[in-house]
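J.: The sequence shown begins at -1 in my numbering and counts up by one.
Here's a structure for you.
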Amino acid sequence: MPEATYVPPEQQSAEDLRYMREALAMAQEAFDAAEIPVGSVFVRNGEIIAKARNRTNELMNATRHAELEAIDYILSIFPPSSDSFAVSPHAQAAGENPFADTTLYVTVEPCIMCGSALRQVGIKRVVFGAGNERFGGNGSVLAVHNDPALINAPPYEALGGYYRAEAIMLLRRFYLSENANAPNPKSKAHRTLKTEIQPPGVSMHGPAGPSKKLARTLRGTSSPAASSASSRAQTPVNDGSGGAGAAKEVAEVSDGQRRGRSTEEEASAREARNEGGKEGEEQEASQA
Ligand SMILES: [Zn+2]
């Protein structure tokens, strides 16, 4: 099973954290525009060359994730000169491919679609905040960034855990406000913002994700201690020493990044939002 690579705070560089703060500012901008709050910045040779955020609601287009918005923009400002660029951007001479020496900072792990697109264009490196257990393409669900089975483009490095709590809290605030504005908010109208952040690697769902039965079981545990113990019983806790980690965290941040999801996904997301008790909060925030 793939896992995202979690970097503990004491090993995160000041430079990476500085750019992630810029990405968080973009996520806040998305929040203010009633978009799922995910933001990104692309940094090439020490310079921010693009900033982007989700525009899925505005454009009614489920592919308009922050990362793809930025890819389009970067290609517009660094138009490729080689005819072979479209089919093999990663095989260009040095300096030809703007992505080859660019690091992406994004507040939530890229989804499978974006993770694959980033590999196609030959991104050098990805640094993300929260993992994305439902849709993550940098190790949480699929490891499209370095899966050796994908032979048409070289792998790229992907590291997570940067301002993870801030990224999760933005998502929680978004879903809380969304619930409050729902036509039939039911008991959720009285919910308050949950501020406890589970350690990375402690899944609220358990290792295989999201069996409804398991999710209900976990949600049914009322005290944080009991919940934590229950989670540990289901899922090994990552000690931060190796590759596990960010992967599981978006159990805390799960659900419904995209408006354009299938009806079934939407129903499932709605169910998670509507039926959950205390722990239901944990399931409402993943980026896709
Ligand atoms: Zn995406």
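Each residue gets a CB set at the ideal place from its N, CA and C atoms; glycine is no exception.
What would DSSP say about Arg162, mapped onto helix, strand or coil?
T.: Helix.
J.: Can you tell me which of the three DSSP states Tyr4 falls into?
T.: Of the three classes helix, strand and coil, the one that applies to Tyr4 here is strand, per DSSP.
J.: Determine the closest residue to Leu15 out of Val104, Pro198, Tyr160, with distance taken between C-alpha atoms.
T.: Of the listed residues, the one whose Cα sits closest to Leu15 is Tyr160.
J.: Would you kindly work out how many angstroms separate the C-alpha atoms of Thr3 and Gln9, rounded to a whole number?
T.: Straight-line Cα distance between these residues: approximately 13 Å.
J.: Specify the secondary structure class of Thr101 as computed by DSSP and reduced to three states.
T.: Thr101: strand per DSSP, three-state reduction.
J.: Let me know if Pro35 comes out buried or exposed under the rule of 16 or more other beta-carbons within 10 Å of its beta-carbon.
T.: With 16 or more other Cβ atoms within 10 Å, it is buried.
J.: Below 8 Å, how does it come out for the segment 169 to 180 and the segment 131 to 147: are there three or more Cβ pairs, yes or no?
T.: Flag = no, the segment 169 to 180 and the segment 131 to 147 do not touch.
J.: Which residue from Tyr103, Ser86, Cys112, Asn177 puts its Cα closest to that of Arg62?
T.: Checked all of Tyr103, Ser86, Cys112, Asn177; the closest Cα to Arg62 is Cys112.
J.: Is the Cβ-Cβ distance between Val104 and Ala21 less than 7 Å?
T.: Contact flag set, yes.
J.: For Ser319, does the three-state DSSP call read helix, strand or coil?
T.: Outside the shown range of the chain, which is -1 to 286, sits residue 319, and nothing can be said about it.
J.: With hydrogens ignored, establish whether the beta-carbon of Met308 is closer than 6 Å to any heavy atom of ligand 1.
T.: In the structure displayed, the chain extends from -1 to 286; residue 308 sits before or after that span and is not available.
J.: I'd like the span of the alpha helix (DSSP H) that includes Ile110, first residue to last.
T.: Looking at the DSSP string, the run of the alpha helix (DSSP H) that includes Ile110 is 110 to 119.
J.: Hey, would you say the C-beta of Met302 is under 6 Å away from at least one heavy atom of ligand 1?
T.: Since the displayed the chain opens at -1 and closes at 286, residue 302 lies outside it and no answer follows.
J.: Using beta-carbon positions only, say whether Gly37 and Met24 come within less than 7 Å of one another.
T.: A contact, by the Cβ cut-off of 7 Å.
J.: By Cβ distance below 7 Å, which residues in the same chain neighbour Leu191 in space, the five residues on each side in sequence not counted?
T.: Taken in chain order, the residues that qualify are Arg170, Arg171, Leu174.
J.: Based on the DSSP output, what are the partners of Val125 in its beta bridges?
T.: For Val125, which the question treats as bridged, DSSP gives the partners Tyr103, Leu157.
J.: Please determine whether the Cβ atom of His143 lies at a distance below 6 Å from any heavy atom of ligand 1.
T.: Checking every heavy atom of ligand 1 against the Cβ of His143, none is found closer than 6 Å.
J.: Of the choices Ala92, Ser80, Phe97, Ser114, whose alpha-carbon is the least far from that of Ala147?
T.: Ala147 has its Cα closest to that of Ser114, out of Ala92, Ser80, Phe97, Ser114.
J.: To which residues of the same chain is Pro152 closer than 6 Å at the C-beta, ignoring the five residues directly before and after it?
T.: Once the five neighbours on either side are set aside, the close Cβ partners of Pro152 are His88.
J.: At which residue ranges does the segment 47 to 95 contain complete beta strand (DSSP E) runs of 3 or more residues, listed in the order of the chain?
T.: Counting only runs of 3 or more, we get nothing.
J.: What is the C-beta distance between Glu107 and Asn130, in whole angstroms, given that I count them as a contact (C-beta under 8 Å)?
T.: Yes, Glu107 and Asn130 are in contact; Cβ-Cβ is about 4 Å, under 8 Å.
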